[in-house]
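Q: The structure is given below, and queries will be raised subsequently.
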Amino acid sequence: MIYPFMTLEDDTEITHTEMQPDGRVKVYVETPDAKDCFHSMVCYLPDYQIEDVKGYTDEEVEKYKNFIRKAAHLIIEFSQEGGFNNATAV
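So the sequence shown is numbered by my numbering: it starts at 13 and just counts up by one.
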């Protein structure tokens, strides 16, 4: 299952999976792009392993990795509770 986490002001979408049996959570980052359609990357928590980077510069990858690092405690919590909507009873 993929859960929405946040949409940033530049329309970047951050989503995540439920926590896997091995304790990992897959975080997807995707930004619309007029030329390439979308830029995207995957970050695995809790070890911040980055994979499948498409279209982002090294600086952008670091920017999103730092963002994920700051929000990791929430993403991990929500991944165990059925996403943001279930965790907050919205």
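Backbone N, C-alpha and C define an ideal beta-carbon position, used for all residues, glycine too.
1) Around the Cβ of F90, are there at least 16 other Cβ atoms within 10 angstroms (buried) or fewer (exposed)?
2) Check whether the Cβ atoms of N38 and T27 sit closer than 7 Å, and answer yes or no.
3) What are the residues that DSSP puts in a beta bridge with Y68?
4) Using DSSP's beta-bridge definition, name the partner residues of E42.
5) Between the alpha carbons of M18 and E71, how many angstroms are there, rounded?
A: Looking at the coordinates:
1) Walking along the sequence shown from the start, residue 90 turns up at place 78. It counts as buried.
2) Along the sequence shown, read from residue 1 onward, the residue named residue 38 stands at position 26. Along the sequence shown, read from residue 1 onward, the residue named residue 27 stands at position 15. Note that residue 38 corresponds to Lys in the displayed sequence, not to Asn. Not closer than 7 Å, so no.
3) The residue labelled residue 68 in the question sits at position 56 within the sequence shown. Answer is none; Y68 lacks a bridge partner.
4) If you number the sequence shown from 1, residue 42 lands on position 30. E25, S52, per the DSSP bridge assignment.
5) Start at 1 with the first residue of the sequence shown, and residue 18 comes out as number 6. Start at 1 with the first residue of the sequence shown, and residue 71 comes out as number 59. Near 20 Å, if we compare the C-alpha coordinates of E71 and M18.
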